[in-house]
Ligand code: SF4
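Numbering (the working numbering), first residue to last: 3 to 220.
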């Protein structure tokens, strides 16, 4: 990250200054958080990711996110790990590919809870760190976010593309600077299964949870 980088001032929809940020993990939200802080946006992190499996991985991702939020003095809402509901909604979609119908369900579920919390706690805008990953389909995420926000009058989903303007590269720089835990699969048990199958087909070892951190020699 260059020291002379000047962050543009970002403006949430309707000129609002208060945002509920759905965060999937510290690496994806680090850049989003620093961009919002630099723009003087009053934001709170909402961690609701019952998709993440196993629990050991879920706790690693969550603790890393809490550590970074505390460092920035940003409020952190730790929502339920209601895996029973997640698996219920994923039933029949176990073999869907990434970016398919199971992922739409997964984004819908996480954004529905985010939108409900925003509605009940006076946040006019929600957004998410999910779209910063180049593995994700931005249109799919934005559609889910807007669908969730549409349940509540006056609530907007901010479709800002956090990848652009060097955001994707800064996400990696921040992750290395902070020595964040580096997850190696999207999150659910099915993405773990499919990523491991791919790795084995390439002659690589299966994922070892809790071992890889940004900045470590790989
Ligand atoms: S691959 Fe990722 S987005 Fe898709 S269902 Fe699994 S955890 Fe959710």
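For every residue, glycine included, the Cβ atom is placed at its ideal position computed from N, Cα and C.
Computed from a prediction, not measured in an experiment: that's the story for all the values here.
Going by C-alpha to C-alpha distance, which of 195, 180 and 181 sits closest to residue 187? By 1-based counting over the chain shown, the position of residue 187 is 185. Checked all of 195, 180 and 181; the closest Cα to residue 187 is 195.
Is any non-hydrogen atom of ligand 1 found closer than 7 angstroms to the C-beta of residue 67, if you look at the structure I gave you? Walking along the chain shown from the start, residue 67 turns up at place 65. Residue 67: no, Cβ never under 7 angstroms from ligand 1.
Could you give the residue range of the alpha helix (DSSP H) that holds residue 22? Taking the chain shown and counting its residues from 1, the one referred to as residue 22 is at position 20. Per DSSP, residue 22 belongs to no alpha helix (DSSP H); it is in the beta strand (DSSP E), 20-24.
Once DSSP output is grouped into helix, strand and coil, what is the label at residue 141? The residue you call residue 141 lines up with position 139 of the chain shown. Note: residue 141 maps to helix in three-state DSSP.
Between 172, 101 and 215, which lies nearest to residue 7 when the distance is taken from Cα to Cα? For the purposes of this step, residue 7 is taken as residue 5 along the chain shown, with counting starting at 1. The option with the nearest alpha carbon to residue 7 is 172.
Hey, would you say the C-beta of residue 100 is under 7 angstroms away from at least one heavy atom of ligand 1? Residue numbering aside, residue 100 sits at position 98 when the chain shown is read from its first letter. True, at least one ligand heavy atom lies under 7 angstroms from that Cβ.
Hey, is the segment 113-126 in contact with the segment 142-161, meaning 3+ C-beta pairs nearer than 8 angstroms? yes
Residue 16: which of 159, 90 and 40 sits nearest, CA to CA? Residue numbering aside, residue 16 sits at position 14 when the chain shown is read from its first letter. That would be 159, whose Cα lies nearest to the Cα of residue 16.
Using the Cβ count rule (16 or more neighbours within 10 Å means buried), how would you classify residue 11? Along the chain shown, read from residue 1 onward, the residue named residue 11 stands at position 9. When all chains shown are included, residue 11 counts as exposed.
What are the residues that DSSP puts in a beta bridge with residue 224? Because the chain in this structure spans residues 3 to 220, residue 224 falls outside the shown range and cannot be described.
Which partner residues of residue 130 appear in the DSSP bridge assignment? Taking the first residue of the chain shown as 1, we reach residue 130 at position 128. Bridge partners of residue 130: 24.
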